[in-house]
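Worksheet: the structure to be examined is printed underneath.
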Amino acid sequence: MIKNHMSLLARIFDKRKDESITRPSRVFFVNTLSGNKELFVPQKPGLVLFYSCGPTVYGPAHIGNLRSYVFSDTIARTLIAAGYRVQRVINITDVGHMVGDGDRGEDKMAVGAAREHTTPEEIATRYTKLFIENLDDLNIDTTDIHFPRATEYIKEQIALAKTLEEKGFAYLLADGLYFDTQKFSGYGKLGGLSGVRLEAGKRVEMVKGKRHPADFVLWRNAKPNDLQQWDSPWGRGNPGWHIECSAMIRSLLGQEIDIHSGGEDHIAIHHNNEIAQSEAVSGRTFVHYWMHNAFLTMGSEKISKSLGNFVYLSEVIEKGFHPLSLRYFFLQAHYRTPLSFSWDAIAGASGALNRLWNISREIAEESKRTSAPSEARDRFLAVMRDDLATPQALGILWDSIKSEEYSPEEKWGLLEDAEAHLGLKLTAPPGTGTLREADIPTDIKDMLSLREVARVSKDFKEADRIRGDIERSGYRVDDGPDGPVVTRATL
Ligand code: AMP
Ligand code: ZN
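Using my numbering, you'd call the opening residue of the sequence shown number 4 and step up by one each time.
Encoded structure:
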């Protein structure tokens, strides 16, 4: 009897041991819903259902938008490294919604189509392709992300709006169907907005007949020259912006999901409206963890159309910086901290990333790419799992790989984990450095040739003197395994 009992206990213990090997590690996130840092517990053990608001594809995504997707990629990488399976969706908004959060104004897809003398469909295809290319350039693995287009889910958006109408959460006005925010008791709960509900609505132009300023359009009747319009129970028209995310999440991930991310500009209106639509229908918690990134600003200014201060990833690359310099620049700040863009800051990030790549090449050789655990690695994992503290994680990485305290194998182990979380190509640095051949100015190329001549004839003093000249001209030369690597010098 006792023996049986003991063997049962042993079996339970063994099973626990197995589970502890496969059970994901603990990760903490700040949840906008509660305003607190919380232990992350998904609805289904081991699986994370994760949605991020995607771009409106009427032009290229600017680097502020890209901060939002590096942030969501960092969430996904951290969860995957902690042992979770992550199912991801980023929607592509290819239906023309209004410029701004309101229900009135210019239709973005029509603006894009007019600008480029083509159709909204052509504009959507062009800029969806560019968006995915941008993500690829930033080392975001797009093969595991589903990118549904809003125009492919019109039926589902209509069905959801219809259910809301049938359940008494919507009313008809001359120009379309509106959500009645006063019928949904928890309206504005995200970001603690309940008390300032009216204020949130105040910014939105008041439509005649609207029962409350915060009420928003679910389906808009078509105007005669609308380029995009579909049949619906309310006549020809097009869907409101917020219904798109609610309908696609419901169709692709279900009624209850684990994480929803986006920029903090979407908290007040867009995400509160998504919650209202989804929870009014399901009666269940729509999203368990809301996560928002702070804004990227241009110096002290907000990125805005009227100031014309947009920067695109293509410009970063054209200036000779590797696109991952932008990713490194983002990771230097915590995602909940506003970050100010400057070309000097990108040059600094580029210089640091190149030095990191050079050190990594050396460690790869010394360690023969064999890794060993270390206390530095444990500290790295702990700060990443504590609400994605990327600045601290980079600090630990730098201190440890430069320190004599760790063996090459321990350093390589840390680099592998850092790569899994940060996605900076740390274990496979690009061989060409940040500058492509074509981007190196001729006078620098001439100096490089002279330095190579000096090096080959073992005149190292002369080679170093030329290296100094190159640096004073704003460039940096390092000798990689495939020859000299030229980068921009840190400013
Ligand atoms: P949008 O196409 O405007 O919906 O933007 C796509 C994503 O980028 C959303 O999650 C926005 O909240 C986010 N976003 C827009 N501008 C910025 C910015 N300057 N900094 C950080 N995130 C931004
Ligand atoms: Zn959304």
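Note that beta-carbon positions come from the ideal geometry of N, C-alpha and C, so glycine has one too.
### Query
Which runs of the beta strand (DSSP E) fall wholly inside the stretch 239-283 and span at least 3 residues, in chain order?
240-242, 260-266
#### Entry: Segments assigned alpha helix (DSSP H), at least 4 residues, entirely inside the stretch 342-390
346-370, 378-387
### Task
Would you check whether the ligand ZN has a heavy atom nearer than 7 Å to the C-beta of His-273?
yes
### Message
Can you list, in chain order, the residues of its chain with a C-beta nearer than 7 Å to that of Asp-472? Leave out the 5 residues immediately preceding and following it.
### Response
Met-450
### Task
Assign Arg-200 to one of three DSSP states: helix, strand, or coil.
Its pLDDT being 46, under 50, Arg-200 is placed unreliably in this model, and the value from its coordinates should be taken loosely. Reduced to three states, the DSSP call for Arg-200 is helix.
### Query
How is the beta strand (DSSP E) around Val-290 delimited, first residue to last?
It spans 290-296 - the beta strand (DSSP E) in which Val-290 sits, taken as one unbroken run.
### Secondary structure, alpha helix (DSSP H): runs of 4+ residues fully inside the stretch 161-199
Taking only runs of at least 4 residues, no alpha helix (DSSP H) segment lies wholly in the stretch 161-199.
### Query
Which of the three DSSP states, helix, strand or coil, is assigned to Asp-442?
helix
### Query
Given Arg-200, which residues of its chain have a CB within under 7 Å of its CB, disregarding the five upstream and five downstream residues?
Confidence is the limiting factor: at Arg-200 the pLDDT is only 46, short of 50, which leaves the residue's position unreliable and the question unanswerable from this model.
### Query
Around the ligand SAM, what residues have a beta-carbon under 5 Å from a heavy atom of it, in chain order?
Inclusion of the ligand SAM in the displayed structure is not the case, the ligand content consisting of the ligand AMP and the ligand ZN alone.
### Query
What is the rounded straight-line gap between the Cα of Glu-321 and the Cα of Leu-163?
Distance between the alpha carbons of Glu-321 and Leu-163 is about 45 Å.
#### Entry: Nonlocal neighbours in the same chain, by C-beta distance under 6 Å from Leu-342, ignoring five residues either side
Leu-299, Ala-336
### Task
Please confirm whether any heavy atom of the ligand AMP lies closer than 7 Å to the CB of Leu-391.
Every heavy atom of the ligand AMP is 7 Å or more from the Cβ of Leu-391, so no.
### Task
Rank Asn-276, Asn-357, Ser-374, Ser-307 by C-alpha distance to the C-alpha of Tyr-331 and give the top, closest one.
Nearest to Tyr-331 by C-alpha distance, out of Asn-276, Asn-357, Ser-374, Ser-307, is Asn-357.
### Spatially closest choice to Phe-313 from Pro-63, Phe-43, Ala-431, Pro-58, by CA coordinates
Across the set Pro-63, Phe-43, Ala-431, Pro-58, the C-alpha of Pro-63 shows the shortest separation from the C-alpha of Phe-313.
### Query
What distance in whole Å lies between the Cβ atoms of Val-60 and Gly-25, which are believed to be in contact at a cut-off of 8 Å?
For the sequence presented, residue 25 should be read as Thr rather than Gly. Going by Cβ atoms, the distance from Thr-25 to Val-60 rounds to 40 Å, so no, they are not a contact pair.
### Message
So Pro-411 and Glu-369 are supposed to be a Cβ contact under 8 Å. How far apart are they, rounded?
### Response
4 Å
### Task
Below 8 Å CB to CB, which residues in the same chain sit around Thr-131 once its five sequence neighbours on both sides are set aside?
Counting only residues of its own chain and dropping the five nearest sequence neighbours on each side, Thr-131 has a CB closer than 8 Å to the CB of Val-60, Ile-95, Asp-97, Phe-150, Arg-152.
### Message
Does Gly-57 pass the burial test, meaning 16 or more other C-beta atoms within 10 Å, or should it be called exposed?
### Response
buried
### Query
What is the residue span of the alpha helix (DSSP H) that Phe-134 lies within?
123-140
### Query
Which value, in whole angstroms, describes the spacing of the CA atoms of Asp-402 and Thr-373?
Distance between the alpha carbons of Asp-402 and Thr-373 is about 20 Å.
#### Entry: Range of the contiguous beta strand (DSSP E) that encloses Val-33
31-34
### Task
Tell me Thr-59's beta-bridge partners as DSSP assigns them.
Thr-96.
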